[in-house]
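Numbering (my numbering), first residue to last: 20 to 327.
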Amino acid sequence: MRTKTLNPFAGVFFGLIFALIGSALVYYKAWPEYQNAKESLKWPTTEGVILNSEITESKDKKNHRVYKPHISFSFEISGKQYTSAQIYIGSETSSSGSHSEANVYIRKYPVGKKVMVYYSPTENGEALLEPGTKTGHYLLLGIGALFGLVGFGITLSSLLKIAVLATMLGVVVGAFFGKSKEDHRPTPQAPSSNNPSDYRKKISAVEKKLSSSNHNEGVQKGNNNCEINLDEEMSTFNKVSATNILPQDEPWKYQWIIKGEDKDYGPYTFEKVVDFFNQGKVKGQHRCSPASGGEIVNISTIVKKKAS
């Protein structure tokens with residue numbers, strides 16, 4: 020048979036109800052009666068006499084017969100007569116028991132018997148026959164504490180389940196919206212080229228051919244400083260009519276960016292790059308790339324293409 024699991028929100032509700040009942044039972048009844056019972060051991064005493072001793076009969080909610088001793092007594096304090104029916108602290112409100120249990124008190128306190136009466140020094144007329152705590156006081160404290168602990172346990176457990184569910188929901192929602200953003204993210208476009216594979220093969224072949232080029236002789240390794248007056252060359256370049264040439268295999272159909280150590284120069288027409296090379300303003304090992312996008316190559320590579 021499948022066991023039903025308590026809804027965590029309902030668990031919080033019922034847990035708080037249990038906790039409140041247990042706390043109220045301890046705070047308003049069990050603990051005050053326990054403290055008062057302990058204090059009754061210090062109360063002053065006087066002589067009293069039993070006025071009535073009988074067993075009362077009633078029925079509980081299940082229609083069962085229950086029995087309770089009813090014993091009243093009189094006593095005198097400072098010349099004033101008082102009566103009470105309290106055997107011990109809480110006896111008047113305690114639950115009823117069997118006939119034999121009630122009969123124990125009837126035999127112990129028959130009518131007319133002189134007894135020792137303990138009375139409260141606060142002049143409220145409270146008095147009893149048996150001072151101190153009873154088993155019922157500890158039992159009531161235990162029941163109240165049990166209700167409170169069970170209630171708090173159910174509440175904390177339910178709150179933990181709610182926290183776990185909220186965390187899982189947050190993960191699912193986050194994953195959903197994260198996936199949605201990924202789906203709407205634009206796909207990066209590869210640099211345009213008519214024949215990219217052939218282009219790379221040609222560049223590689225030219226680089227190998229120029230590995231022993233005289234243009235690289237005498238140049239220190241790692242020196243990548245360009246001897247270009249940027250303002251002068253840019254003013255010259257601005258006079259050249261702009262063209263919209265797509266990248267192709269022939270480098271003379273590109274505009275080029277020359278890579279310096281700290282900054283880039285250009286764009287320049289292919290003819291201008293060749294002029295820089297012939298004038299010694301740039302060396303063969305300097306790097307450059309098409310202004311329209313593409314691979315970075317040695318300047319000697321494109322110059323050699325011009326020569327071929």
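Even for Gly, the Cβ is constructed at its ideal location relative to N, Cα and C. Bear in mind that the values here come from a model prediction, so they are computed numbers and not experimental data.
Bounding residues of the alpha helix (DSSP H) (the contiguous stretch that carries residue i)
i      : result
Gln304 : Looking at the DSSP string, Gln304 is not in any alpha helix (DSSP H), and its letter there is neither H nor E.
Tyr124 : 118-127
Ser16  : This structure leaves residue 16 out entirely; the chain is present only between 20 and 327.
Lys99  : No alpha helix (DSSP H) holds Lys99; the beta strand (DSSP E) holding it covers 99-103.
Asn297 : 289-298
Inter-residue spacing [alpha-carbon to alpha-carbon] between residue i and residue j
i      : j      : result
Thr24  : Ser177 : 11 Å
His118 : Leu70  : 21 Å
Thr112 : Lys132 : 24 Å
Thr174 : Lys87  : 38 Å
Gln375 : Thr65  : Here the chain comprises residues numbered 20 to 327, so residue 375 is not present and cannot be evaluated.
Ile74  : Lys81  : 20 Å
Val322 : Gly189 : 60 Å
Phe295 : Phe195 : 56 Å
Asn122 : Gly30  : 45 Å
Asn26  : Ser42  : 24 Å
Tyr128 : Ile90  : 7 Å
Leu168 : Ala182 : 21 Å
Lys198 : Val316 : 39 Å
Phe37  : Trp50  : 18 Å
Lys325 : Trp271 : 8 Å
Gly155 : Ile106 : 13 Å
Val45  : Gly163 : 5 Å
Glu290 : Lys282 : 21 Å
Val287 : Lys300 : The question names Val, yet the displayed sequence has Tyr at residue 287. In a straight line, the C-alpha of Tyr287 is about 14 Å away from that of Lys300.
Val292 : Gly285 : 10 Å
Glu145 : Gly151 : 14 Å
Val134 : Phe32  : 51 Å
Tyr137 : Arg126 : 20 Å
Gly67  : Lys153 : 22 Å
Glu149 : Val85  : 23 Å
Gly116 : Asp79  : 11 Å
Ser212 : Met187 : In this predicted model, Ser212 has a pLDDT of only 47, less than 50, meaning its place in the structure is not dependable; the value taken from the coordinates is given anyway. Distance between the alpha carbons of Ser212 and Met187: 48 Å.
Glu120 : Phe171 : 36 Å
Glu314 : Gly193 : 39 Å
Glu280 : Leu179 : 59 Å
Status (buried if at least 16 other CB within 10 Å, exposed otherwise) for residue i
i      : result
Phe92  : buried
Gln274 : buried
Ser97  : exposed
Tyr47  : exposed
Ala56  : buried
Asn143 : exposed
Leu159 : buried
Gly34  : buried
Leu184 : exposed
Ser77  : exposed
Gly140 : Rather than Gly, the amino acid found at residue 140 in this sequence is Pro. Exposed.
Tyr157 : exposed
Thr320 : buried
Lys302 : buried
C-beta neighbour in chain C for residue i, strict 9 Å
i     : result
Ser97 : Within the model displayed, chain C is absent; a lone protein chain is all it includes.
Endpoints, beta strand (DSSP E) assigned at residue i
i      : result
Leu70  : 64-78
Val136 : 133-138
Gln54  : Element bounds for Gln54: not the beta strand (DSSP E) but the alpha helix (DSSP H), 50-58.
Helix, strand or coil at residue i [DSSP, three-state]
i      : result
Gly83  : The residue you asked about is not Gly; residue 83 is His in the sequence shown. Note: His83 maps to coil in three-state DSSP.
Gln274 : strand
Tyr157 : helix
Asp281 : coil
Ser110 : coil
Ser93  : strand
Val130 : coil
Ala310 : coil
Leu148 : coil
Beta-carbon proximity list for residue i, same chain, < 6 Å, skipping 5 on both sides
i      : result
Val130 : Ile69, Ser72
Phe166 : Phe37, Ile40, Gly41
Nonlocal neighbours in the same chain, by C-beta distance under 7 Å from residue i, ignoring five residues either side
i      : result
Ile108 : Glu52, Asn55, Ala56, Ser59, Leu147
Ala104 : His89, Ile90, Ser91, Glu111
Own chain, CB closer than 8 Å to residue i, minus 5 neighbours either side, in chain order
i     : result
Phe28 : Ser177, Ile181
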